[in-house]
Each structure stands twice: as C-alpha cells, then as structure tokens.
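Novice:
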Amino acid sequence: MSKSVYIAEKPSVAQAFASALKIDFTRKDGYLESDTAIVTWCVGHLVTMSYPEVYDEKYKRWALDTLPFIPQNFKYEVIGNVSKQFKIVKGLLTREDVDTIYICTDSGREGEYIYRLVDMQAGVTGKKRKRVWIDSQTEDEILRGIREAKDDSEYDNLGAAAFLRAKEDYLMGINFSRALTLKYAYSIKNYLNVDKCVISVGRVMTCVLGIVVDREREIRNFEKTPFYRVMAGIDLGGKVKDAEWRVTPDSHYDGSPELYSEKGFKTEESANRLISSLVGMNGAQLKKSDDSDDKSIVLETALDAVVEKCEKKKEVKNAPLLYNLAELQNDCSRFFKINPDETLAVAQELYEKKLTTYPRTDARVMSSAIAKVISQNIKGLTSYEPCAVFAKAILQHESYKGIEKTRYVNDKAITDHYAIIPTGQGLSALSSLSPTSAKVYEIIVRRFLAVFYPAANYQKVALEISMNNKEDEGKKEHFFANFKILASKGYLHVMDYSFAKNKNDNKAKDEEAEGKGDNDAEETVTDEELFEYLQKIKKNDVLKVDSFGIKEGETSPPKRYNSGTIILTMENAGQFIEDEELRAQIKGSGIGTSATRAGILTKLVNIGYLNLNKKTQIITPTQMGEMVYETVACSMKPMLNPALTASWEKGLTGVAEGEISENEYMTKLDDFVSKRTNLVKQNDYRGLLRSRFDYVSSNYKEVTKNTAKKGSKKKVKES
6 MSKSVYIAEK
16 PSVAQAFASA
26 LKIDFTRKDG
36 YLESDTAIVT
46 WCVGHLVTMS
56 YPEVYDEKYK
66 RWALDTLPFI
76 PQNFKYEVIG
86 NVSKQFKIVK
96 GLLTREDVDT
106 IYICTDSGRE
116 GEYIYRLVDM
126 QAGVTGKKRK
136 RVWIDSQTED
146 EILRGIREAK
156 DDSEYDNLGA
166 AAFLRAKEDY
176 LMGINFSRAL
186 TLKYAYSIKN
196 YLNVDKCVIS
206 VGRVMTCVLG
216 IVVDREREIR
226 NFEKTPFYRV
236 MAGIDLGGKV
246 KDAEWRVTPD
256 SHYDGSPELY
266 SEKGFKTEES
276 ANRLISSLVG
286 MNGAQLKKSD
296 DSDDKSIVLE
306 TALDAVVEKC
316 EKKKEVKNAP
326 LLYNLAELQN
336 DCSRFFKINP
346 DETLAVAQEL
356 YEKKLTTYPR
366 TDARVMSSAI
376 AKVISQNIKG
386 LTSYEPCAVF
396 AKAILQHESY
406 KGIEKTRYVN
416 DKAITDHYAI
426 IPTGQGLSAL
436 SSLSPTSAKV
446 YEIIVRRFLA
456 VFYPAANYQK
466 VALEISMNNK
476 EDEGKKEHFF
486 ANFKILASKG
496 YLHVMDYSFA
506 KNKNDNKAKD
516 EEAEGKGDND
526 AEETVTDEEL
536 FEYLQKIKKN
546 DVLKVDSFGI
556 KEGETSPPKR
566 YNSGTIILTM
576 ENAGQFIEDE
586 ELRAQIKGSG
596 IGTSATRAGI
606 LTKLVNIGYL
616 NLNKKTQIIT
626 PTQMGEMVYE
636 TVACSMKPML
646 NPALTASWEK
656 GLTGVAEGEI
666 SENEYMTKLD
676 DFVSKRTNLV
686 KQNDYRGLLR
696 SRFDYVSSNY
706 KEVTKNTAKK
716 GSKKKVKES
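First residue of the sequence shown? That's 6 in the numbering used here, and the numbers climb one at a time after it.
#1: Is the region 395–415 in contact with the region 372–387, if contact means three or more CB pairs nearer than 8 Å?
#2: Check whether the Cβ atoms of A4 and Y496 sit closer than 8 Å, and answer yes or no.
#3: Cβ of L327 within 8 Å of Cβ of V235?
#4: In chain order, what residues of the same chain lie with their CB nearer than 7 Å to the CB of L573, ignoring the 5 residues before and after it?
#5: My understanding is that A368 touches A424, with C-beta atoms under 8 Å, so please give their C-beta distance in whole angstroms.
#6: Leaving out five residues on either side along the sequence, give the residues of the same chain with a beta carbon under 6 Å from the beta carbon of R681.
#7: Please classify N78 as buried or exposed, where buried requires at least 16 other C-beta atoms within 10 Å of its C-beta.
#8: Do you know offhand how far E409's Cα is from L122's?
#9: Output yes or no for whether 8 Å exceeds the beta carbon distance between G260 and D247.
#10: For R136, report the span of its beta strand (DSSP E) as first-last.
#11: Taking DSSP's pairing of strands, which residues face A13 in a bridge?
#12: Using a Cβ-Cβ cutoff of less than 8 Å, which residues in the same chain neighbour Q687 once the five nearest sequence positions on both sides are dropped?
#13: Does DSSP put M177 in a helix, a strand or coil?
#14: Kindly indicate which three-state DSSP category W653 falls into: helix, strand or coil?
#15: Is the number of C-beta pairs between the region 103–123 and the region 39–58 that are closer than 8 Å three or more?
#16: Kindly provide the ranges of any beta strand (DSSP E) runs that are 3 or more residues long and lie completely inside the region 219–285, ordered along the chain.
#17: Hey, could you find the ends of the alpha helix (DSSP H) F30 is sitting in?
#18: Unbroken alpha helix (DSSP H) runs of length 4 or more, entirely within the region 315–367: which are they?
#19: Using the Cα positions of K377 and Y405, report the straight-line distance between them to the nearest angstrom.
#20: Using 8 Å as the threshold, is the C-beta distance between L98 and A184 below it?
#21: Within 8 Å, do at least three Cβ pairs link the region 555–566 to the region 217–227?
#22: Between the region 656–671 and the region 615–632, can you find at least three pairs of beta-carbon atoms closer than 8 Å?
#23: Exposed or buried, what is R451 when buried is set at 16 or more other beta-carbons lying within 10 Å of its beta-carbon?
#24: Roughly how many angstroms separate the alpha carbons of G663 and L169, rounded to a whole number?
#25: On a CA-only basis, which of G429, K155, P262, G113 is nearest T601? Give me that one, please.
#26: List the endpoints of the continuous beta strand (DSSP E) containing D61.
#27: Would you list the one or two residues that DSSP bridges to K549?
#28: Cα separation between K317 and I470?
#29: Taking three-plus beta-carbon pairs below 8 Å as touching, is the region 88–107 in contact with the region 56–70?
#30: Quick one: residues in its chain with C-beta nearer than 6 Å to the C-beta of L308, no 5 flanking neighbours on either side, listed in chain order?
#31: Any idea which residues DSSP pairs H483 with across the strands?
#32: Using 10 angstroms around the beta-carbon of S696, count the other beta-carbons present and answer buried if the total reaches 16, otherwise exposed.
#33: K358: buried (16+ other C-beta within 10 angstroms of its C-beta) or exposed?
#34: DSSP beta-bridge partners for V217?
#35: In angstroms with no decimal places, state the Cα-to-Cα distance between I571 and T441.
#36: Determine the direct distance from the alpha carbon of P643 to that of T105, and round the result to whole angstroms.
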C-alpha cells in the first residue's frame, strides 16, 4: 500500500500536522508512521553549501592568488550534528512504498530552500511532490493546505531564487572577506594591537553597518544652533493659552537676516526687540520664570489682538494597518525593549502554539480569502479576557462585514503571506506564555480588532491673531495656536494596552506607532468648556494678550537607530536613494528579508562591529566596526550602498516571479564578484587607511596607541 510522507521544518510543526491528520500514528526514531502516512521533520537546515577546501585543498589556505573563487558547480553536504536526522529523512523520502511527498516546511523562500536541499542531497526521484502553503498552524488551515497543495514544480522559480540568494551570500562572503582580510586585516590588527582580525563582509550586513556608521557621523558632525521663539499668552474665556509668533508678509521681520526660521530668531536680543515693538517698551528686559528656563513678562495692561482666522475642521484618524514582522519588531523594541531576534522568536512561538498566523511576512493587510471568514477569528477572541468586550461588540454590530472593501484587505499587497493576525484559536496556550510573549500577543490582538472599529474623530481649531507693530507703522505681527479635542474615540477604545504605565498614554503610543504624533504647535485639550469658547470665536473678534515669553531651543541631531527602527530602515531601503527612477524600480525591495533581518543585526553585534544597548535597544558602531567601514569604503564602496543591496533583492524577487532567468542573474553575480575581488587585489589603500583609522580612533574614549607593547590586548571603549 502506497504511503504519503509529510515533511515539516521542525518537530513541533510535524506534531501539529500529525494531530490535524487524525491518524493513529506510531512514534518511531525521527518520524511518526501509520498504515497510510508518515510524518517526519528537519531540524532547520540539514544540508549546507560546502567550504572552498572541499573543492580543492589549496583553498583551505587563504591566499590572494586563489581569488576570485567562483565554482561552476556548487557542492553541498550534510551538516554534521544533524546527520542522523538527515539519514532518517533520506530513507523515508526514497522508500519504495512512498509515492507522494507533502512539503510542509515554512511557507516562504527559506522554507522552500530547506526542503529542496534535502531532496537534492537525498537523490529523491520518481515521487509526486506537493507543496503545502499555510498561513497558520490551526487544524482547519493545515487541512486546507493539504487539500489544496499544488505540485511543487509551481514553486520552481521561488526555489531558484532561494538557491541564488544562498550562492550570492556565499560568493560575496568568501571572496570579499578573504580578499579584504588578506589585504588589510594586518593593518587593523596592528593598529588595535589585538591578537587576530578577520574582516567579515556580506551583501546585507556590510550595508547595515554603513547605515549605522553614517548616522553616527551625522550626529558627531552636527552643530547645534540655538533659536528663540516668541509666545503670546492669550486670554481664552479666562484661560491663558500660548500662541506662537511666525513671520508673515506684513511683518516687520519679513525677509530679515535676524530670522532662524519662520518661527524664530537667531538671537535672544532679536526676540526681545519683537516683544518691545508690540508692548511699546524700549529694550524691555524679560525675567526668567520660576518653573522653567523660559523668560516671560506679564503686562500690567492687556493688549488687544485681532482674530485674523479661526478655522474649524474635523480630522479623521483610521486604525493603523496590521502588523508585519518589521512593524512588530519595531513596536516590541519600543514597548518591551527586546531586540528583533527575540521578537521573531516570540512571534514564532505564538505561531507554533496556533495563536497567530505566519510571522515572517512583509504584508500589512489581509487577503480577500481570509476576509470572508474573518468572523471566526473574532469569535475565538471573545474568550480572550483583555479584549473580549471588543470582539463581542464587533460580532454584535457585524462590523466585520464589508472589511474586504477597506484598505485592510488588498491581495495585490501580499506576496507569500498576509499580515500577522490572531487566529482566535490556541487560547489554552496563553497560560504557558512568558509575560513578554503574552504582551506581544496582546498588541497583535488589539491591532487586529482595531481595524473593525470606526475611525477616531477629532475637532480642530486653528487660531491666528495679529497685533500692531508700534515701532513700524502699518506692520503687523501674527501669532498662531492650534487646538484639537477628541470627539469620538472610535478604534482608540481598543488600544488601551494593559501594560501601559499611564492609560492616557495609550493613544499617544498608538499614534507614535504610525509615525503621526502631534507636532509641538498643536495642543490636545480635554477641557470641553475651553473648546466651546474656541468654537464661538470668529474673524475680527478682539482677544486680550496679557503676557509674552521667549522659549529658547536648539536644533537637534538625527536620532540613533534602535533595534526596531533599523529593521524598518532595512525594510524601506529606498529612502536612501536620491534618483527617483531607481527608487521607483526597487520599491518594495528592502535590505534582506523579513526572515533574515534580525539575524543580520545579531551577527553584526556578535562579531563586534555594532553595539546594542540591551536596556535602551540603541545601536552604535564600535571602533572595529568603523575601521571595517573605512576599509570597505576605500576598496569596494558599493557594498555600503543600500541601493545596490536592494537592487540585488529586487533581482531575486524578479527570479521568483519568473521575470529574470536564473542564468541571467548568475551571470551578473559572477561578473560583480570577479570585478570587485580583482580590484581589491590590484589596489593598495593601506597608507590612506592609516589616516582614516586615526580619525576613527579620535572619536573613542580610549584612543589606540601604536606604541602599545606587542601582544597586549587593546580594550576598546565605545563612544
């Protein structure tokens, strides 16, 4: 009797498939078997690419004359510590009584690669291969995936892209790392006075190193510029609120060199003169207030200010899009101070416990297919106590109907998988989750339920007043104030995170997640009496100004990346590309993939090129990292360019979609690796690098001294 083999990526997933099949299996060593089916598993990768010395013993010794190393036919081998499981899997896949193989590895490029390596190395022939593609590990989804499994040949392009990605990383890593190490590692080793040095270069990791170093240098080179803003205290129904001066065409200061920007002055003296021209006090001095560094003056007699505009309008704010992995990693970095690798591990855990859908996704929307049955997910969440009331309300009002017509459902924005959403199942596993995992599940659930709620509505008032400039007849000075009040919370009802220290902070956190926090000139008010007063104000009304103040500020440097924002930056690599046409060409292609970005960051930290502060999740380069950056910048600068890295990723997508042939991609790859490796061999930048290393060293607290005793280790402190 013929049997089918179901091969999963890891034992826990295999168990989920075995349970869903509802067959009486007998447990064997490395697999489960019944009269009709066998379930087995990999343990991640079982097969890997062979080291260069496997091709020829001469490659074991690193030497420039053996580079570039580009084999015509690549060799693969079984990974030593999992060879036992490989033998078991090989035996099952090639058994005579097995006629069909159901490939149940993770539904993505890497999962496809894991199985195809095993299939190739095991020499499987004469079997039907069916690809199971699922979005969650719930029983219904597993059975649907098996029922609708397609012939694996339909995924040949994806498989080709997977092999090319591995070859690309292999060739660039081996050739570029060896070439740069042989040429320049001694210079770094000698400069830092350390025992050994290997210069690690990678298609993605070197680019990420460049992004972090460039940001650090922007911060270092940033020169703070002070500026001074003038505020007027307006009486609004007995409540004093600040309005900010801005230059206008009828202002005395229009086009003045004294301005820092339209909102402020370069010097305090200029700001002081503006106030004097309004108050009529020649050279009046302002006094510092008791509770801040700002300086203010209270008038004995209030001045009149004419209302030039009082615009009232409504603002509608929709719930944010759903989570993809990058967005989830960013929020977990902000909320819980965990790094992207830890977030991915949590997301994988939630997936394997059937609580959420597949985590390694770039999409932030649902598919039209899941939208049709989404009420099942919501119904399951009525048993999730923190959000049960919201799930019940959605079902009661049937607000899930019509979701397919909204921005939260878009098949065109999905490649492999839709967004990370709760399945509504597996809730019995909640008690086994760590506190952090439970909180990650909560933010996924709240983000999901929010899309079925109406938008939040704000009422806004934009006020503009003018006052006569008493020292320049005919000129007026204008002050502006913006207010808003939350008219209806809508989806914000759902976003009250249980872990928030202050419940009032929930809305702000949600807006921050979307990058839409209010600017500093807009005041959110909760005083309904004040807002009613504002609503009654009309043009040409006269208001009273009873005080002025000067607020001193200074320009801020760009922020350092943290473990979350660097992941988002990798996802949106196009932001670094000035050329609009090129930016459009690689739109949607980031640096790395959702499955690999966290690992790249972890590797850069582990090899000592980047520092990751565990408490704050802030990322900074190390001295070694900057020296490697300088070495790459001199010898193969394109490797630091996000545009190049993203274009390679775009090419892999083209292969997966059948737009670019495997041979075409491989030819370009061979040419790039050969040219860049040969350029490293031909040029010598050691003299130039010495001065660049001195520059790098000057930015660290303990500067490396070349006169240190030979053999002693240099302790390097970070800036």
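Where a beta carbon is used, it is the ideal one built from N, C-alpha and C, also for glycine. These numbers were taken from a predicted model, which means no experiment stands behind them.
Specialist: The structure says:
#1: Judged by Cβ distances under 8 Å, the region 395–415 makes contact with the region 372–387, as three or more pairs qualify.
#2: The requested residue 4 is not part of the displayed model; the chain covers only 6 to 724.
#3: Cβ distance not < 8 Å, so L327 and V235 don't count as in contact.
#4: Excluding its 5 nearest sequence neighbours in each direction, L573 has C-beta neighbours in its own chain below 7 Å: A331, N335, listed in chain order.
#5: Between A368 and A424 the beta-carbon gap is near 5 Å, inside 8 Å, which marks them as a contact.
#6: In chain order, M641 place their CB closer than 6 Å to the CB of R681, counting only its own chain and leaving out the 5 sequence neighbours on each side.
#7: The residue in question, N78, is exposed, as its Cβ has fewer than 16 Cβ neighbours within 10 Å.
#8: Cα to Cα, the separation comes out at about 39 Å.
#9: In this structure, D247 does not lie closer than 8 Å to G260 by Cβ.
#10: Per DSSP, R136 belongs to the beta strand (DSSP E) from 133–136.
#11: W46, C109, per the DSSP bridge assignment.
#12: Excluding positions up to five away in sequence, the list is empty.
#13: M177: helix per DSSP, three-state reduction.
#14: Of the three classes helix, strand and coil, the one that applies to W653 here is helix, per DSSP.
#15: Between the region 103–123 and the region 39–58 there are three or more C-beta pairs closer than 8 Å, enough to call the two in contact.
#16: Runs of the beta strand (DSSP E) inside the region 219–285: 231–241, 244–251, 264–266.
#17: Going by DSSP, F30 is part of no alpha helix (DSSP H) at all; its letter is neither H nor E.
#18: Here the runs fully enclosed are 330–341, 345–357.
#19: Whole-angstrom Cα-Cα distance: 9 Å.
#20: Taking a C-beta distance under 8 Å as the contact criterion, L98 and A184 do not qualify as a contact pair.
#21: Taking 8 Å as the limit for Cβ pairs, the verdict is that the region 555–566 does touch the region 217–227.
#22: No, the region 615–632 is not in contact with the region 656–671.
#23: Classification for R451: buried.
#24: Answer to the nearest angstrom: the Cα atoms are 13 Å apart.
#25: It is G113 whose Cα lies nearest to the Cα of T601.
#26: If you look at D61, you'll find it isn't in any beta strand (DSSP E); DSSP assigns it neither H nor E.
#27: DSSP output for K549 lists D240, D309 as bridge partner(s).
#28: Separation of K317 and I470 (C-alpha to C-alpha, rounded to the nearest whole angstrom) is 15 Å.
#29: They do not touch, by the three-pair rule.
#30: Within the same chain, L308 has close Cβ partners V550.
#31: H483 is bridged to R251, S471.
#32: Here S696 is exposed. Its C-beta has fewer than 16 other C-beta atoms within 10 Å.
#33: Buried, since its Cβ has 16 or more Cβ neighbours within 10 Å.
#34: According to DSSP, V217 bridges with nothing at all.
#35: A direct Cα-to-Cα measurement between I571 and T441 gives close to 21 Å.
#36: Roughly 46 Å separates the two Cα atoms.
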